[in-house]
Amino acid sequence: MGGLPRAGAAYRRASGDADGYGGLLTIDLGAIARNWRRLSARVAPARASAVVKADAYGLGAHEVAPTLYRAGCRAFFVAHVEEGIKLRAVLPRDAEIIILHGAPARSEPDCDAYQLTPVLNCMEQLTAWIRFTSANGLKRRCVVQFDTGMTRFGFDLSEASSVAAALGMAGSRPSLVMSHLACADDPSAASNAVQRERLLDLRKLFPDTELSLAASSGIFLGPDYHLDLVRPGAALYGVNPAGTDPNPMESTIRLWGRIMQVREVPAGTEVGYGLAGRTKAATRLATVAVGYADGFFRSASGRASAWLGSKRLPLVGRVSMDSIVVDLAALPGPPLVPGDLLDLLGDAYGVDDLAADAGTIGYEILTGLSSRYWREYVE
Ligand SMILES: *Cc1c(COP(=O)(O)O)cnc(C)c1O
1 MGGLPRAGAA YRRASGDADG YGGLLTIDLG AIARNWRRLS ARVAPARASA VVKADAYGLG
61 AHEVAPTLYR AGCRAFFVAH VEEGIKLRAV LPRDAEIIIL HGAPARSEPD CDAYQLTPVL
121 NCMEQLTAWI RFTSANGLKR RCVVQFDTGM TRFGFDLSEA SSVAAALGMA GSRPSLVMSH
181 LACADDPSAA SNAVQRERLL DLRKLFPDTE LSLAASSGIF LGPDYHLDLV RPGAALYGVN
241 PAGTDPNPME STIRLWGRIM QVREVPAGTE VGYGLAGRTK AATRLATVAV GYADGFFRSA
301 SGRASAWLGS KRLPLVGRVS MDSIVVDLAA LPGPPLVPGD LLDLLGDAYG VDDLAADAGT
361 IGYEILTGLS SRYWREYVE
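Using our numbering, you'd call the opening residue of the sequence shown number 1 and step up by one each time.
(1) Pick helix, strand or coil for residue 68, following the three-state DSSP scheme.
(2) If contacts are defined as beta-carbon pairs under 8 Å, then residue 305 and residue 313 qualify, I think. What distance do you get, rounded to the angstrom?
(3) Can you say whether residue 14 is buried or exposed, counting buried as having 16 or more other CB atoms within 10 angstroms of its CB?
(4) Residue 228 and residue 46: beta carbons closer than 7 Å?
(5) To the nearest angstrom, report how far apart residue 235 and residue 31 are at their CA atoms.
(6) Counting pairs of Cβ atoms below 8 Å between the stretch 231-251 and the stretch 262-280, do you hit three or more?
(7) To the nearest angstrom, report how far apart residue 53 and residue 78 are at their CA atoms.
(8) Quick one: does the C-beta of residue 144 sit closer than 6 Å to a heavy atom of ligand 1?
(9) Could you have a look at residue 231 and say whether DSSP puts it in helix, strand or coil?
(10) Please report the straight-line C-alpha distance between residue 324 and residue 59, rounded to a whole angstrom.
(11) Can we count residue 102 as close to ligand 1, meaning its CB is less than 6 Å from some heavy atom?
(12) Starting from residue 312, trace the alpha helix (DSSP H) in both directions and tell me its first and last residue.
(13) Alpha carbons only, please: which of 215, 139, 203 and 202 is nearest the one belonging to residue 181?
(14) With hydrogens ignored, establish whether the beta-carbon of residue 62 is closer than 6 Å to any heavy atom of ligand 1.
(15) Tell me which residue opens and which closes the alpha helix (DSSP H) that residue 237 is part of.
(16) In or out: residue 149 buried (at least 16 other Cβ within 10 Å) or exposed?
(17) By the 10 Å Cβ neighbour count, where 16 or more other Cβ atoms means buried, how is residue 328 classified, buried or exposed?
(18) Among 208, 293, 258 and 57, which has the Cα closest to the Cα of residue 308?
(19) Got a sec: does ligand 1 put a non-hydrogen atom nearer than 6 Å to the Cβ of residue 180?
(20) Under 6 Å Cβ to Cβ from residue 75, same chain only, skipping five residues before and after it: list those, please.
(21) In the structure shown, what three-state DSSP assignment does residue 203 receive?
(22) Check for me: the beta strand (DSSP E) holding residue 117 runs from which residue to which?
(23) Check this for me: beta carbons of residue 299 and residue 368, under 7 Å apart or not?
(24) Taking the alpha carbon of residue 371 as the reference point, which residue from 292, 353 and 357 has its own alpha carbon closest?
(25) How is the alpha helix (DSSP H) around residue 361 delimited, first residue to last?
(26) Residues bridged to residue 160 by DSSP?
(27) Roughly how many whole angstroms lie between the Cα atoms of residue 64 and residue 71?
(28) Use the C-beta contact count for residue 184: other C-beta atoms within 10 angstroms, 16 or more gives buried, fewer gives exposed.
(29) The beta strand (DSSP E) spanning residue 216 covers which residue range?
(30) Beta carbon of residue 232: closer than 6 Å to some heavy atom of ligand 1?
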């Protein structure tokens, strides 16, 4: 497509491919690579992996993962074996693909064929993996996860010696021992240090084994949490991992919504489902072709805004499935017309801002981004 809209420029005619789309999403692969490099430098000599589960948090693992490989990343985490199989198609064999949820029964042969490293989270997974690898004479890497306090995935600490014994008997040992923090986004949470101590304690049973604890927010708890390998996801994609202003990460996406209709209305005009919106003054309203089915959360009704550069254009009334209504009063200059684009996510208003207005987290905004959008990857 010739000439993407620049932030702040009313964009008249998205030429070519994007014409038939209500929402246009650009994903900046260069920014994602810079975010990874920034985190790598921050944690060195610890290594940074990349979490690309859920299609790289909605941004497209088939584009994001090879970009990060070129930036130097060699370890990639996904949740499911099926995600790992798809990822192997776009990653060279020297990239390790690690399956956070482990291998469900009967998926072990796929792990072998696609060279996927399972995280062993419980005794059932561990025995099945040992049975499979010994029966086939395979020496394969595996990761062992311990639950150090979150109560989600991983062996109980009380099982640690049985895990070590079972692996030892099979002539195997984990390439990595990992755990996951429950409250990494809250540096004052006492559980962070407790979980870290519990993981470090496991060194007695697994000497010379690499350890991993921190995801995005954990990295910002400081070097004590970096250990051997960190596992950032959200921060790579521009979600603020530190809760600080400014965000230490670069934003990686821009979203535009297309104006379909513009009308002049008097003060007191009721707008949208339930007539929940009402204009305070005479104004112009634009109906924009992005709604909650596109991941523009309905819970952001009455709070979110569209933007044109730094000009805030409040939403009026409820978010519909396929549209929102925006008050254009703040715009001077020539009136916008159908076909023009407004900024929905960009410099002035990012993923975390929409998340705050929608009562959720940036993660859910990213993973909710619609497959209906016209998408472009830029470097
Ligand atoms: C999703 C996930 C990550 C990445 O978390 P972010 O907060 O997105 O960085 C890391 N480790 C585990 C076990 C996860 O489930």
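Glycine residues also receive a C-beta, built at the ideal position from the N, C-alpha and C atoms.
Fair warning: this is a prediction, and the values are worked out from it, not measured in the lab.
According to the structure data:
(1) Within the sequence shown, residue 68 is the residue found at index 68, counting from 1. Three-state DSSP puts residue 68 in a helix.
(2) Counting from one through the sequence shown, the residue named residue 305 turns up at place 305. Counting from one through the sequence shown, the residue named residue 313 turns up at place 313. Beta-carbon to beta-carbon, residue 305 and residue 313 are separated by about 6 Å, close enough to satisfy the 8 Å threshold.
(3) Counting from one through the sequence shown, the residue named residue 14 turns up at place 14. Note that residue 14 has pLDDT 46, beneath the 50 cutoff, so the model's placement of it is unreliable and the number below is only indicative. Classified as buried, residue 14 has 16 or more neighbouring CB atoms from the shown chains inside 10 Å of its CB.
(4) Stepping through the sequence shown from its first residue, residue 228 is reached at position 228. Stepping through the sequence shown from its first residue, residue 46 is reached at position 46. Yes, the Cβ-Cβ distance between residue 228 and residue 46 is below 7 Å.
(5) Position 235 of the sequence shown holds residue 235. Position 31 of the sequence shown holds residue 31. Each residue's Cα considered, the two are about 11 Å apart.
(6) With the cut-off at 8 Å, the stretch 231-251 and the stretch 262-280 do not touch.
(7) Reading the sequence shown from its first residue, position 53 is the one you call residue 53. Reading the sequence shown from its first residue, position 78 is the one you call residue 78. So the two alpha carbons sit approximately 4 Å from each other.
(8) As a position in the sequence shown, residue 144 is number 144, starting the count at 1. Residue 144 Cβ: outside cutoff for every heavy atom of ligand 1.
(9) Along the sequence shown, one-based indexing puts residue 231 at 231. DSSP places residue 231 in coil when its eight states are reduced to three.
(10) Position 324 of the sequence shown, counted from the first residue, corresponds to residue 324. Position 59 of the sequence shown, counted from the first residue, corresponds to residue 59. One Cα belongs to residue 324, the other to residue 59, and the distance between them is close to 23 Å.
(11) Mapped onto the sequence shown, residue 102 falls at position 102. The answer is no for residue 102.
(12) Along the sequence shown, one-based indexing puts residue 312 at 312. First-last for residue 312: 311-314, but that is the beta strand (DSSP E), not the alpha helix (DSSP H).
(13) Here residue 181 corresponds to residue number 181 of the sequence shown, with the count starting at 1. Checking every option, the nearest Cα to that of residue 181 belongs to 215.
(14) The residue labelled residue 62 in the question sits at position 62 within the sequence shown. With a threshold of 6 Å, the Cβ atom of residue 62 does not count as near ligand 1, since no heavy atom of the ligand is closer than that.
(15) Counting from 1 along the sequence shown, the entry for residue 237 is found at position 237. Counting along the chain, residue 237 falls outside any alpha helix (DSSP H), and DSSP gives it neither H nor E.
(16) In the sequence shown, residue 149 corresponds to position 149, counting from 1. When all chains shown are included, residue 149 counts as buried.
(17) The residue you call residue 328 lines up with position 328 of the sequence shown. Residue 328 is buried by the Cβ-count criterion.
(18) Counted from its first residue, the sequence shown places residue 308 at position 308. Sorting 208, 293, 258 and 57 by C-alpha distance to the C-alpha of residue 308 places 258 at the top.
(19) Locating residue 180 in the sequence shown gives position 180, counting from the first residue. Within the cutoff, so yes.
(20) Locating residue 75 in the sequence shown gives position 75, counting from the first residue. These residues qualify, in order along the chain: 49 and 96.
(21) Counting from 1 along the sequence shown, the entry for residue 203 is found at position 203. Here residue 203 sits in helix by DSSP.
(22) Mapped onto the sequence shown, residue 117 falls at position 117. Note, residue 117: beta strand (DSSP E), 116-120.
(23) Locating residue 299 in the sequence shown gives position 299, counting from the first residue. Locating residue 368 in the sequence shown gives position 368, counting from the first residue. Cβ distance not < 7 Å, so residue 299 and residue 368 don't count as in contact.
(24) Numbered from its first residue, the sequence shown carries residue 371 at position 371. When each option's Cα is compared against that of residue 371, the closest is 292.
(25) The sequence position of residue 361 within the sequence shown is 361, counting from 1. Where residue 361 is concerned, there is no enclosing alpha helix (DSSP H), because DSSP gives it neither an H nor an E.
(26) Sequence index remark: in the sequence shown, residue 160 carries index 160 (1-based). Answer is none; residue 160 lacks a bridge partner.
(27) Sequence index remark: in the sequence shown, residue 64 carries index 64 (1-based). Sequence index remark: in the sequence shown, residue 71 carries index 71 (1-based). Answer to the nearest angstrom: the Cα atoms are 11 Å apart.
(28) Taking the sequence shown and counting its residues from 1, the one referred to as residue 184 is at position 184. Classification for residue 184: buried.
(29) Numbered from its first residue, the sequence shown carries residue 216 at position 216. Where residue 216 is concerned, there is no enclosing beta strand (DSSP E), although the alpha helix (DSSP H) it sits in stretches over 216-219.
(30) One-based indexing of the sequence shown puts residue 232 at position 232. Yes; taking the cut-off as 6 Å, the Cβ of residue 232 has a heavy atom of ligand 1 nearer than that.
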